[in-house]
Each structure stands twice: as structure tokens, then as C-alpha cells.
């Protein structure tokens, strides 16, 4: 049985003057989290038994925000961890900035893209867990402890994620569709991931040994949506969960994925979708851009007509053996009920 020990969480906002911590209103919720951890025997971590963790950060020309990011990570309530930063051929003062911090730096001169940087970093890591982080984001003080504790309590889980304080995840509307909860199961994620990349890339944690044994790699052909492409492959084969806990603060900057023009992102999603479905024997004719738009109905002003096409496509997938074995028909209806809520007329 899956053990989820956090029922409530806090919504403290981030104060940039107090680096690394989300502060202010509703701060009492943090005490509820810890009480539930300790009183229910959920926290299996002690100073002597803490698994080793690496926080992996790829960076390219990120001198402006990397300081705040590292400050938030160096202020963690967890002890047994290191920070590895892969400098992907930065041409600004990123390297000089990194050298001011107690982090492990992996650096090379040529910019090779985020997929290469992530694979390169993972190849040089042998800790029990890897936690992803982006160079312009901020980590909550208890992020590592909470995520590692969840994984230790649930050894069958291959990877899990968290939500963000200001990211694109529409947490409240998800709860309207599926009922109030603080956990999304892998059956729900599998179905949802056909159309919506719900896992926040810099919010995931995974088991290093299992990752390498399974041979998972980021695919540079899909840079820009490399997280969605890989996470979908993983979710179709492994147990993956999402904790609805705001453990990171996602910030946007020029050149980041969230600042890329919508048309570019849609085309990247289209290429990833075409590759995925064709590799499993599903016809993908022309540019089925409505599938990409379905992934972000609020962002791309997806119409109900486009959602209907996607819903019909989802039902057709259930006739294909690969998907029939992995998807749950009874999740499709509430999934699209959620999507219809935020679509335009």
C-alpha cells in the first residue's frame, strides 16, 4: 500500500530577500506537515540513515539567477546531499559564479543542449537518488527531506514529482475533476500524460540505480520538450506518483522553456507525439496540433471541438494492445471533464 504521510501543506510565498525559503502567510501549515510525519511514523530519515542525494542542475548562461537557486538548496533541512551543476558551454559569467559555491561543477566548452547536459550529469552521479532542479528556480527548505522520505516509504515507486508555487500546474482545477487529494496515482498519470505533461520537470526525484539499470536517457531530438518525451516513456512502464506539495518556485527568464513562443513549443510537442504514437503502431497523420494544444488548453486557448477530437483519439488508443494494457478507460472521462473546464467555447 502506498504510504502518503503529508495531508496538508503550506502556501508560504517566497521573499527574495530571505533566500531559499518560502515565507509569510499560513506558515503554521509547516508544523502540520512535521507533526504528521513524526506522529504517524512517516519520517524514516535520521542523520545516520539518510540516503545519499544529488541535486542535478543543467545550466546555460544562467549567471543572473543561479545564485538564488543555490542559496535555496544550501539551506535545506536534509544533510546527506550534494549539488552537481552541469555548465553546458555558457558564454557569460556562469562558471565564475558557480565557483563561488560549494558545488560540484561539470563543465565543457561547447553548448550541446539540455538533453546532453542531463545525460552527462547522470552518468557522473552514483548517489541513491537524483533530484532535478532548474538554474532559475528556488527550492523549499524541506524539499529534499519530504521527497526522499516519500520514496523511502514507497520502494516500488520509480519516480515522483511535486508541484510548484507559481508554475503552470492547475492544481485546484485538477482537484475539482478528481476530488480533493494530495497524491496523483500512476494510473491517472499514465492516462493524463497522453495529452498533458503534468509532471514538473525540475520537481522530480528518481532512484539512480534503477534509472541506469533501465537505460533511460534524454533524447536530444526533442530538446525543449525532452522532459515530457522521457517522462511519458517512463510513466508507461514504471510506477510514478505526483505529490501535490509546492516544494519549488518556478521562475521564467528569457531563453527558458516557459518563454519560448507557443508555435515553437507546439511543433516540438507535435514531433514528440508523432514519434511516440508511430513507434507503437498508431497512425499519426499530418500535423495533429490539436493534441499539443490539448496538453495546455488554458495556454493555447484550445476549443471544445479540438478537445473532442483528442477525446475520440484517446478512446481509439484503447483498441491498441500496448495502450489497452496500460490505460484505464474510467479515467478518460474525468480527464476530459477537467480539460473542458479550462477550454474556450
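Numbering (UniProt numbering), first residue to last: 1 to 345.
We put the beta carbon where it would ideally sit given N, CA and C, even for glycine.
| Check | Outcome |
| --- | --- |
| Helix, strand or coil at residue 201 [DSSP, three-state] | helix |
| Of the residues 158, 271, 212 and 207, the one placed nearest residue 221, counting alpha carbons only | 271 |
| Unbroken alpha helix (DSSP H) run spanning residue 144, endpoints | 143-153 |
| Distance CB(residue 160)-CB(residue 242) smaller than 8 Å | yes |
| Start-to-end residues for the alpha helix (DSSP H) that takes in residue 94 | 94-98 |
| Member of 138, 144 and 136 whose CA lies at the smallest distance from the CA of residue 128 | 144 |
| Local conformation of residue 225 per DSSP, three classes | coil |
| Cβ neighbour criterion (16 or more within 10 Å) applied to residue 315 | exposed |
| Straight-line gap, residue 200 to residue 162 (C-alpha atoms, nearest Å) | 7 Å |
| Of the listed residues 207, 52, 205 and 66, nearest to residue 251 (C-alpha basis) | 66 |
| Any 3 or more C-beta pairs closer than 8 Å across the region 66-78 and the region 131-143 | yes |
| Cβ-based neighbour list, residue 111, same chain, cut-off 7 Å, excluding 5 preceding and 5 following | 60, 88 and 89 |
| CB contact flag (residue 134, residue 202, <8 Å) | yes |
| Other residues of its chain near residue 209: CB distance less than 8 Å, five sequence neighbours each side excluded | 128 |
| Per DSSP, the bridge partner or partners of residue 206 | 130 and 159 |
| Straight-line Cα distance separating residue 64 from residue 96 | 12 Å |
| Per-residue DSSP class, three states only, for residue 220 | helix |
| Supposed close pair residue 185, residue 335 - CB separation, criterion 8 Å | About 13 Å; that fails the 8 Å criterion. |
| Cβ-based burial, residue 302 [other Cβ within 10 Å; buried from 16] | buried |
| Any non-hydrogen atom of the ligand MG within 7 Å of residue 71 CB | This structure lacks the ligand MG; in fact it carries no ligand of any kind. |
| Host alpha helix (DSSP H) of residue 283 (start-end) | First-last for residue 283: undefined, no H or E at that position. |
| Span of the beta strand (DSSP E) around residue 187 | Residue 187 -> not in any beta strand (DSSP E); alpha helix (DSSP H) instead, spanning 186-192. |
| Cutoff 7 Å; reference residue 331; Cβ partners in own chain excluding five residues on either side | 187, 188 and 191 |
| Cutoff 6 Å; reference residue 118; Cβ partners in own chain excluding five residues on either side | 58 and 218 |
| Residues near residue 150 in its chain [Cβ-Cβ closer than 7 Å; skip 5 each side] | 160 and 243 |
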